[in-house]
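Please read the structure below before turning to the comments.
In our numbering, the protein residues as written are 6 to 342.
Next comes the structure, spelled out in structure tokens:
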């Protein structure tokens, strides 16, 4: 929803419109001066609750993968951005502390506003957590307490966690189901996690680990890197690996010339087969001279024996290709006018 819901209500309340709440949080909008002076109901919004209209701006229109036991790192990046977008991040980190209660009216208003915003931040977090994980975060009153608990659960910095991440980094390999970008992202995500735990790995060691995490078809690439006087940095190697993978991928895509070359090769094989067949002796022990004469014709277009230019398949295909290219160029020129 563009803008805050509270601003929407304020805009609707002016200009002869009135917003009324019904049971279950339903919201109705009336035109006060309708037909014959009677109010006319314009719309009923089901998801618009009283708390949303008070200024709560949940990111319900932003879809992120809910927190599970396997995706904390990616979830954390996304939920942090959502909390920042909704002006709730300072409540979660504890930078925006709860005001002290003094008892006067102004202070009570400030405290109530802080509690409301903090509960909104807490709701943003809870609504982005999978049901299977909710049992671990019950009975936490503030968003900061909830966030701290999540960090303790999923960001453990104990020896077991460090050993697990190091082992994953050592044994991670690029599989057939992953492309190079996915593999590199997974590799450096493990490196980042270890750095967050204050475990620094030498660049040369990271380069070697990354080199030996790529599959066997990259053996020549690996040897060329190892034969250098100095190993590249992990970042430089990452770029070279992506470039190498893209170059190999482009080679796998057949071009028009590749198709023509393959067609020409197959045609030559077929012609040699027919020529050999025509030279074989027939039942009377004589060669089939009629078949031998058949393949002495040479096409003036493709210079291949066995047919005339008037029935040349390559000539017809090239003609169709030229016509299609001409049509595309005409369409492009027309669209730019």
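Glycine included, C-beta positions come from ideal geometry on N, C-alpha and C.
Self-check item: Whole-angstrom distance between residue 318 and residue 195, CA atom to CA atom
Solution: Mapped onto the chain shown, residue 195 falls at position 190. Mapped onto the chain shown, residue 318 falls at position 313. One C-alpha to the other measures close to 56 Å.
Should residue 138 and residue 73 be called a contact, given that it needs their Cβ atoms to be closer than 9 Å? By one-based count along the chain shown, residue 138 stands at place 133. By one-based count along the chain shown, residue 73 stands at place 68. In contact: residue 138 and residue 73 (Cβ atoms closer than 9 Å).
Would you please state the rounded distance, in angstroms, between the beta carbons of residue 247 and residue 185? I believe it to be under 8 Å. Residue numbering aside, residue 247 sits at position 242 when the chain shown is read from its first letter. Residue numbering aside, residue 185 sits at position 180 when the chain shown is read from its first letter. The Cβ separation is near 6 Å, so the contact holds.
request  = Taking all protein chains shown into account, decide if residue 129 is buried (16 or more other Cβ within 10 angstroms of its Cβ) or exposed.
outcome  = Along the chain shown, read from residue 1 onward, the residue named residue 129 stands at position 124. When all chains shown are included, residue 129 counts as buried.
### Message
Using a Cβ-Cβ cutoff of less than 7 Å, which residues in the same chain neighbour residue 145 once the five nearest sequence positions on both sides are dropped?
### Response
To locate residue 145, count along the chain shown from 1; it is residue 140. Counting only Cβ-Cβ distances below 7 Å, and skipping sequence neighbours, we find 151, 154.
Within 8 Å, do at least three Cβ pairs link the region 169 to 184 to the region 192 to 212? Judged by pairs of C-beta atoms under 8 Å, the region 192 to 212 touches the region 169 to 184, as three or more such pairs exist.
*Let me know the alpha helix (DSSP H) ranges lying completely inside the region 137 to 186, each 4 residues or longer, listed in chain order.*
Unbroken alpha helix (DSSP H) runs of no fewer than 4 residues, entirely contained in the region 137 to 186, are found at 148 to 159, 164 to 176, following chain order.
Q | Extent of the continuous alpha helix (DSSP H) to which residue 226 belongs | A | The residue you call residue 226 lines up with position 221 of the chain shown. Residues 224 to 231.
Counting beta carbon pairs with one atom in the region 90 to 102 and one in the region 119 to 133, are three or more of them shorter than 8 Å? Taking 8 Å as the limit for Cβ pairs, the verdict is that the region 90 to 102 does touch the region 119 to 133.
| query | Counting Cβ pairs, one atom from each stretch, are 3 or more of them under 8 Å apart for the region 176 to 192 and the region 155 to 165? | reply | Contact between the region 176 to 192 and the region 155 to 165 is absent, with fewer than three C-beta pairs closer than 8 Å.
| said: Excluding the 5 residues flanking residue 140 on each side, which residues of the same chain have their C-beta closer than 6 Å to its C-beta? | reply: Start at 1 with the first residue of the chain shown, and residue 140 comes out as number 135. The answer is none, since no qualifying residue turns up.
_Identity of the residue in 124, 208, 81, 162 nearest residue 133 by Cα_ = The count along the chain shown starts at 1 and reaches residue 133 at position 128. Just measuring C-alpha positions, the residue of 124, 208, 81, 162 sitting nearest residue 133 is 81.
| query | Among 96, 107, 227, which residue has its Cα nearest to the Cα of residue 249? | reply | On the chain shown, residue 249 is found 244 positions in, with the first residue counted as 1. Sorting 96, 107, 227 by C-alpha distance to the C-alpha of residue 249 places 227 at the top.
Neighbour-count burial assignment, residue 289, 16 or more Cβ in a 10 Å radius = Position 284 of the chain shown holds residue 289. Unreliable placement is indicated for residue 289, whose pLDDT of 47 sits below 50; the coordinate value is still reported in the next sentence. Of the residues assessed, residue 289 falls on the exposed side of the cut-off, its CB having fewer than 16 other CB atoms within 10 angstroms.
Inset, instruction - Assuming residue 96 contacts residue 149 (C-beta within less than 8 Å), just tell me the rounded distance between them. - result: Translated into the one-based positions of the chain shown, residue 96 becomes position 91. Translated into the one-based positions of the chain shown, residue 149 becomes position 144. Their Cβ separation, rounded to whole angstroms, is 7 Å, which keeps residue 96 and residue 149 in contact under 8 Å.
Q.
So, with DSSP's three-state summary, where would you put residue 134?
A. The count along the chain shown starts at 1 and reaches residue 134 at position 129. Residue 134 falls in the strand class under three-state DSSP.
On a Cα-Cα basis, can you pick out the residue from 197, 71, 79 that is closest to residue 135? The residue labelled residue 135 in the question sits at position 130 within the chain shown. Checking every option, the nearest Cα to that of residue 135 belongs to 71.
* Check the C-beta distance from residue 208 over to residue 238 and give it rounded, since I have them as a contact under 8 Å. => On the chain shown, residue 208 is found 203 positions in, with the first residue counted as 1. On the chain shown, residue 238 is found 233 positions in, with the first residue counted as 1. Indeed they touch by this definition, with Cβ atoms about 5 Å apart.
Item to check | Residue of 69, 75, 106, 76 minimising C-alpha distance to residue 88 | outcome: Your numbering for residue 88 matches position 83 in the chain shown. The option with the nearest alpha carbon to residue 88 is 69.
CA-to-CA distance, residue 236 to residue 352, given in whole angstroms = Outside the displayed range of the chain (6 to 342) lies residue 352, so it cannot be described from this structure.
- What is the rounded straight-line gap between the Cα of residue 293 and the Cα of residue 304? Here residue 293 refers to the residue found at position 288 when the chain shown is read from its first residue. Here residue 304 refers to the residue found at position 299 when the chain shown is read from its first residue. At residue 293, the pLDDT of 49 sits below 50, so the modelled position is not reliable; the number obtained from the coordinates is stated separately. Answer to the nearest angstrom: the Cα atoms are 22 Å apart.
Worksheet entry | DSSP state of residue 74 mapped onto helix, strand, coil | Here residue 74 refers to the residue found at position 69 of the chain shown. DSSP places residue 74 outside both helix and strand once states are collapsed to three, so it counts as coil.
**Item:** Among 211, 94, 251, the one whose alpha carbon lies nearest that of residue 242
**Value:** Along the chain shown, read from residue 1 onward, the residue named residue 242 stands at position 237. Of the listed residues, the one whose Cα sits closest to residue 242 is 211.
Open item on the list: Going by beta-carbon coordinates alone, are residue 147 and residue 109 separated by less than 9 Å?
Closed with: Residue 147 sits at position 142 when you count from the first residue of the chain shown. Residue 109 sits at position 104 when you count from the first residue of the chain shown. The answer is no: Cβ separation not under 9 Å.
**Prompt:** Where does the unbroken alpha helix (DSSP H) through residue 213 begin, and where does it stop?
**Reply:** Taking the chain shown and counting its residues from 1, the one referred to as residue 213 is at position 208. Boundaries of the alpha helix (DSSP H) around residue 213: 208 to 216.
Open item on the list: For the alpha helix (DSSP H) containing residue 310, name the first residue and the last one.
Closed with: For this step, residue 310 is matched to residue 305 along the chain shown. Looking at the DSSP string, residue 310 is not in any alpha helix (DSSP H), and its letter there is neither H nor E.
Query - Length of the line joining the Cα atoms of residue 314 and residue 326 - result: Position 309 of the chain shown, counted from the start, is the residue given in the question as residue 314. Position 321 of the chain shown, counted from the start, is the residue given in the question as residue 326. Their backbone Cα atoms lie some 17 Å apart in a straight line.
*asked:* Going by C-alpha to C-alpha distance, which of 245, 198, 181 sits closest to residue 215?
replied: Counted from its first residue, the chain shown places residue 215 at position 210. Ranking 245, 198, 181 by Cα distance to residue 215 puts 245 first.
Burial state of residue 126, where buried means 16 or more other Cβ atoms lie within 10 Å = If you number the chain shown from 1, residue 126 lands on position 121. Residue 126 should be labelled buried.
Straight-line Cα distance separating residue 190 from residue 90: For this step, residue 90 is matched to residue 85 along the chain shown. For this step, residue 190 is matched to residue 185 along the chain shown. Answer to the nearest angstrom: the Cα atoms are 26 Å apart.
Worksheet entry | DSSP state of residue 303 mapped onto helix, strand, coil | In the chain shown, residue 303 corresponds to position 298, counting from 1. Of the three classes helix, strand and coil, the one that applies to residue 303 here is strand, per DSSP.
- Item | residue 256 burial status per 10 Å Cβ neighbour count (16 or more: buried) | To locate residue 256, count along the chain shown from 1; it is residue 251. With fewer than 16 Cβ atoms within 10 Å of its Cβ, residue 256 is classed as exposed.
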